[in-house]
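One structure below.
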Amino acid sequence: MSDWRRRSHPAWIAFLVHRLSGLALALFLPVHFWALGQAIQGEAALEGFLRWSDNPVLKVAETVLVILLAAHLAGGLRVLALEFLGWRAQQKTMVAASAGVAFAAGLLFLLNLGA
Amino acid sequence: MGEATAMLRVKVWRGNAEGGAMADYAVPARANQTVLDVVTHIQREVDPTLAYRFACRVGMCGSCAMVVNGRPRWTCRTHVSRVAQDGALELRPLSNLPVIRDLATDMAPFFDKWAKARGTFQPKDAPDGSVPDDFAVVPPATKQRQQADAGIECIGCGVCYSGCDIVAWNPDYLGPAALNRAWTLVNDVRDGARKDRLAAVAGDAGCHACHSTQSCTAHCPKGIDPSGAIAGLKRSLFWPGFKGGVR
Numbered sequence: 134m135s136d137w138r139r140r141s142h143p144a145w146i147a148f149l150v151h152r153l154s155g156l157a158l159a160l161f162l163p164v165h166f167w168a169l170g171q172a173i174q175g176e177a178a179l180e181g182f183l184r185w186s187d188n189p190v191l192k193v194a195e196t197v198l199v200i201l202l203a204a205h206l207a208g209g210l211r212v213l214a215l216e217f218l219g220w221r222a223q224q225k226t227m228v229a230a231s232a233g234v235a236f237a238a239g240l241l242f243l244l245n246l247g248a
Numbered sequence: 005m006g007e008a009t010a011m012l013r014v015k016v017w018r019g020n021a022e023g024g025a026m027a028d029y030a031v032p033a034r035a036n037q038t039v040l041d042v043v044t045h046i047q048r049e050v051d052p053t054l055a056y057r058f059a060c061r062v063g064m065c066g067s068c069a070m071v072v073n074g075r076p077r078w079t080c081r082t083h084v085s086r087v088a089q090d091g092a093l094e095l096r097p098l099s100n101l102p103v104i105r106d107l108a109t110d111m112a113p114f115f116d117k118w119a120k121a122r123g124t125f126q127p128k129d130a131p132d133g134s135v136p137d138d139f140a141v142v143p144p145a146t147k148q149r150q151q152a153d154a155g156i157e158c159i160g161c162g163v164c165y166s167g168c169d170i171v172a173w174n175p176d177y178l179g180p181a182a183l184n185r186a187w188t189l190v191n192d193v194r195d196g197a198r199k200d201r202l203a204a205v206a207g208d209a210g211c212h213a214c215h216s217t218q219s220c221t222a223h224c225p226k227g228i229d230p231s232g233a234i235a236g237l238k239r240s241l242f243w244p245g246f247k248g249g250v251r
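Just so you know, the sequences run in chain order A and B. In terms of the working numbering, the first sequence has 245 at position 112, counting the first letter as 1, and numbering is strictly consecutive. In terms of the working numbering, the second sequence has 203 at position 199, counting the first letter as 1, and numbering is strictly consecutive.
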């Protein structure tokens, strides 16, 4: 029976975020390589793409991407600490810290956009 | 009583292996009432055909676990006031186990997996099952003793097994309780079956299937951390893997 009420605890939500961010990053990776591949077509092609990527919608998408990446990294480190170091206590705090790292990374990225 | 007694609205899953549906009951609300009290009231006062299971009523035997408002719990130690939402309770049999009837599930697959995970203590000094000559001294301060102690109070209620998504996804998965039991024995210095046990819990249906969602730890009524125990098993198998296997 798939009852979501039994899953409403921080570690399960952290698992879900980890899985979904991993899937989203995997889907993004080909796009990332395609964008880098523009450099092979010459400087102008890459430059043109980078200009186009300056639009606000893409900046928002980029911020989301940065948050997903940071969430996946911080969440992954949490799982590694749990499994390899046996850090069993304070899981709620560790989940909260991982979320904090992810949003801090997103915020830093946003602050840097204006610079 | 002069004033009208407050009533609990209780939905109970009634059925058998073929299927079933929720049935509605009204049960008088009482102070310090447990969920098991509510089920017992229904069975004794309303409908004697209701099937459920309990024995000790004090959180020792592990037989009264059910899914209460979506979460697996030991019903004898769960106060209605803690879990009822606006005076409503929803009771179902444990998930991930075959239903016998109503709230009683068949626990055989659950305990079969304890056997599969080599959950039987095998004395090092007496492999043939005879009684060892002398008492083993296991100092309480040692790390292995503490690791074993952390998981030894399991009452086998099946709450972790019912709350585990991995069991739902892979019916062969040994599950949190059986793996927790294996971990206590891996840490038991008197035990002589470490190698076989670690081999039994490795692999796709063993500890490596766990995704560390930690639902078992979140739901365990005894405050045991099976998720941490499973992580311990993974570690015990991981490092020796570089040195040619578990010894």
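The beta-carbon is built from N, C-alpha and C at its ideal position, and this holds for glycine as well. All of these numbers come straight from a predicted model, not from anything done at the bench.
Item, Value
"With three or more beta-carbon pairs closer than 8 Å as the criterion, would you say the stretch 138-153 of chain B touches the stretch 83-91 of chain B?", "no"
"Is B:G196 close to chain A, meaning its C-beta is less than 8 Å from at least one C-beta of that chain?", "no"
"For B:N191, collect the residues of the same chain with a Cβ closer than 7 Å to its Cβ; drop the 5 residues on either side in sequence, then sort them by chain order.", "Q148, Q151 and A152"
"When you compare only the Cα positions, how much space is there between B:M70 and B:F58?", "11 Å"
"Suppose you measure from the CA of B:V193 to the CA of A:V212; what does that come to, to the nearest Å?", "28 Å"
"How would you write the range of the alpha helix (DSSP H) that A:V190 sits in, first residue to last?", "P189 to L213"
"If you drop the 5 nearest sequence neighbours on each side, which residues of the same chain put their C-beta closer than 7 Å to that of A:A235?", "I200, A203, A204 and A207"
"If you reduce the DSSP assignment to three classes, tell me which class A:V150 lands in.", "helix"
"Strictly below 7 Å CB to CB, what residues from chain A border B:D229?", "R221"
"Is A:H142 buried or exposed, if buried means 16 or more other CB atoms sit within 10 Å of its CB?", "buried"
"List the endpoints of the continuous beta strand (DSSP E) containing B:E94.", "A92 to R96"
"Sorted by chain position, which residues of the same chain lie with C-beta nearer than 8 Å to B:M64's C-beta, five sequence neighbours on each side aside?", "I159"
"Let me check one thing: in DSSP terms, what residues is B:T109 bridge-paired to?", "B:V103"
"If you pair each beta-carbon of the stretch 91-105 of chain B with each one of the stretch 7-23 of chain B, do three or more pairs fall below 8 Å?", "yes"
"So is B:N184 buried or exposed if we call it buried at 16+ other beta carbons inside 10 Å?", "buried"
"What does A:W167 touch in chain B if you count any residue whose Cβ is under 9 Å from its own?", "Within chain B, no residue comes near A:W167; the closest Cβ sits about 31 Å away, beyond 9 Å."
"Tell me the rounded alpha-carbon separation between B:V62 and B:C80.", "6 Å"
"To the nearest angstrom, how far is it from the Cα of B:G91 to the Cα of B:A154?", "36 Å"
"Helix, strand or coil, according to DSSP, for A:H142 in the structure here?", "coil"
"So, for B:G24: in the same chain, excluding its five sequence neighbours on each side, which residues have a beta-carbon less than 7 Å away from its beta-carbon?", "W17 and R18"
"Mind listing the chain B neighbours of A:Q171? Cutoff is C-beta to C-beta under 7 Å, in chain order.", "Residues of chain B passing the Cβ test: none, with the nearest at roughly 37 Å."
"What would DSSP say about A:M227, mapped onto helix, strand or coil?", "helix"
"Is there a Cβ from chain A that is less than 8 Å from the Cβ of B:K247?", "no"
"Taking just the CA atoms, how far does A:V197 sit from A:V186?", "For the sequence presented, residue 186 of chain A should be read as Ser rather than Val. Cα to Cα, the separation comes out at about 15 Å."
"Is B:Q126 helix, strand or coil by DSSP?", "coil"
"In this structure, how does DSSP classify B:Y29 when only helix, strand and coil are distinguished?", "strand"
"Could you spell out the range, first to last residue, of the beta strand (DSSP E) harbouring B:V72?", "A69 to V72"
"Let me know the secondary structure DSSP gives B:D208 once reduced to three states.", "coil"
"CB-CB under 7 Å to B:A206, same chain, minus the five flanking residues each way: which ones, in chain order?", "H212 and L241"
"Could you say which of B:T109, B:R77, B:G245 and B:W187 lies nearest to B:V163 if we only look at CA atoms?", "B:R77"
"Does the pairing of the stretch 161-179 of chain B with the stretch 110-126 of chain B give three or more beta-carbon distances under 8 Å?", "yes"
"Take A:V164 as the anchor and find which of A:G175, A:A147, A:L191 and A:W145 has the nearest alpha-carbon.", "A:L191"
"What residues are listed by DSSP as bridge partners for B:V14?", "B:Y29 and B:L93"
"Count the other CB atoms, across all protein chains shown, that sit within 10 Å of the CB of A:M227; report buried if there are 16 or more and exposed otherwise.", "buried"
"Tell me the residue span of the beta strand (DSSP E) that contains B:P76.", "R75 to W78"
"For B:H83, which beta-bridge partners are listed by DSSP?", "B:T38"
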